[in-house]
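The block underneath contains the structure these notes are about, expressed in structure tokens.
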Amino acid sequence: MSAAGFWSPAVSAQSLPTFENFLAALPAQAVPAPLPPYRVQPQYLAQAASLTGERLFQYLHAATDYPTAGTGTDYLKAKKYMFSVADNTGCGGRPGVVAFYSQVCVPGSGEHGGSYKESGDANGDGYYDSDGMNAEHTWPQGYFNKAAPMKSDLHHLFPTFIMVNGKRGNEPFGEVSAPDYATLSGSRLGYEGFEPCDAVKGDVARAMLYFFTRYHDRDIRDGMDYGNFWTSRVGLFLEWNRQDPPDADERRRNDLIEAFQGNRNPFVDDPRLAEKIGAKVFQSH
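Residue numbering for the sequence shown is 18 to 302, as defined by my numbering.
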């Protein structure tokens with residue numbers, strides 16, 4: 018979110034059960050020495066540092082796998098955790114959740130989006146979200162048939178006012194020149210797609226890059242204009258990732274999501290990894 022520069026992650030232990038199989042499938046010279054059964058976060062980044070392009074992409078695909086079978090199947094549980102823990106960053110010293118695209122903080126500590134109702138038209142979009150917030154899937158659910166674990170993966174879910182979420186719908190992310198709909202924060206909808214406000218453009222980019230890296234080999238393109246939704250947008254995501262690096266809240270969120278579902282978003286740990294993979298690799302799958 019902020020322009021504070023890239024972050025050096027804290028030490029955090031996590032198992033990586035699929036990595037040995039990944040190593041065995043690559044030429045010996047392609048990767049450094051194998052990781053131990055339980056990896057420490059700086060070692061994980063050190064392994065990534067020696068790779069580029071397709072090999073780095075495949076390494077991160079393996080590194081972001083869930084450590085426990087069955088993880089990510091309880092959508093209701095994931096949403097409760099999102100509202101009450103992962104995205105409850107607080108409002109002026111009180112518990113509260115910031116609506117992602119609107120950048121409006123709603124006080125509360127509940128586990129359900131209905132607890133976080135908009136106060137009047139606080140986000141200035143011309144509507145009052147009396148039903149509160151729900152979960153935005155940056156990669157829309159319809160494109161993967163609402164299947165687990167994609168539906169419940171908190172690394173690409175964010176709390177949003179219901180109206181804004183509905184306006185985004187399945188629209189691709191883009192830069193909008195003449196909006197038909199807008200919030201005071203700067204999120205807007207137009208012919209080109211949906212443009213998130215500047216405060217979360219990097220967050221959106223890293224969520225999308227993570228989702229594609231983790232799930233590119235799954236059925237995530239059902240009914241999609243793939244070129245319009247993904248291939249033509251990769252360069253923009255890399256640009257947003259550079260312009261809006263992770264801030265303390267995004268790093269905190271990455272840690273909390275790891276505690277809940279067992280994996281991390283590597284592009285939050287080190288945004289430079291996206292550039293090392295490169296647009297052509299992201300576009301080639």
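Heads up, the beta-carbon is just placed ideally off N, CA and C, and yes, glycines get one too.
Burial state of residue i, where buried means 16 or more other Cβ atoms lie within 10 Å
{"i": "E292", "result": "exposed"}
{"i": "D170", "result": "buried"}
{"i": "H10", "result": "This structure gives no information on residue 10, because the portion of the chain shown stretches from 18 to 302."}
{"i": "Y243", "result": "exposed"}
{"i": "Q260", "result": "exposed"}
{"i": "D236", "result": "exposed"}
{"i": "D197", "result": "exposed"}
{"i": "N258", "result": "buried"}
{"i": "P53", "result": "Since pLDDT at P53 reaches only 32, below the 50 mark, its modelled position is unreliable, and no value is offered."}
{"i": "E153", "result": "buried"}
{"i": "A224", "result": "buried"}
{"i": "R281", "result": "buried"}
{"i": "L93", "result": "exposed"}
Of the listed residues the options, nearest to residue i (C-alpha basis)
{"i": "T200", "options": "T90, F100, P84 and Y145", "result": "Y145"}
{"i": "W156", "options": "G149, K168 and D148", "result": "K168"}
{"i": "F190", "options": "F228, L253 and A216", "result": "L253"}
{"i": "P207", "options": "G130, E188, K218 and R238", "result": "The identity of residue 207 in the sequence shown is Gly, whereas the question assumes Pro. The option with the nearest alpha carbon to G207 is E188."}
{"i": "S194", "options": "G210, A216 and F284", "result": "G210"}
Coil, strand or helix - residue i by DSSP
{"i": "A3", "result": "Past the boundaries of the shown model lies residue 3; the chain is included only from 18 to 302, so the question cannot be answered."}
{"i": "G210", "result": "strand"}
{"i": "F284", "result": "helix"}
{"i": "F117", "result": "coil"}
{"i": "V251", "result": "helix"}
{"i": "T81", "result": "coil"}
{"i": "V123", "result": "strand"}
{"i": "R235", "result": "coil"}
{"i": "N105", "result": "coil"}
{"i": "P51", "result": "Because the pLDDT at P51 is just 37, under 50, the model does not fix this residue reliably, and the point stays unresolved."}
{"i": "H302", "result": "coil"}
{"i": "N305", "result": "Not covered by the structure: residue 305. The range shown for the chain is 18 to 302."}
Cβ neighbours of residue i in the same chain (closer than 8 Å, five flanking residues each side left out)
{"i": "A103", "result": "L171, R270, L273, I274 and F277"}
Nearest-angstrom beta carbon gap, residue j and residue i [assumed within contact, 8 Å]
{"i": "M241", "j": "Y160", "result": "5 Å"}
{"i": "N151", "j": "N182", "result": "6 Å"}
{"i": "E135", "j": "F100", "result": "Incorrect: roughly 15 Å between the Cβ atoms, too far for contact."}
{"i": "G89", "j": "Y98", "result": "About 12 Å separates the two Cβ atoms, so there is no contact after all."}
Same chain, Cβ closer than 7 Å to residue i, five either side skipped, listed in chain order
{"i": "Q300", "result": "T248 and V251"}
6 Å Cβ shell around residue i - same chain, five flanking residues per side excluded
{"i": "S204", "result": "Y118, P213 and C214"}
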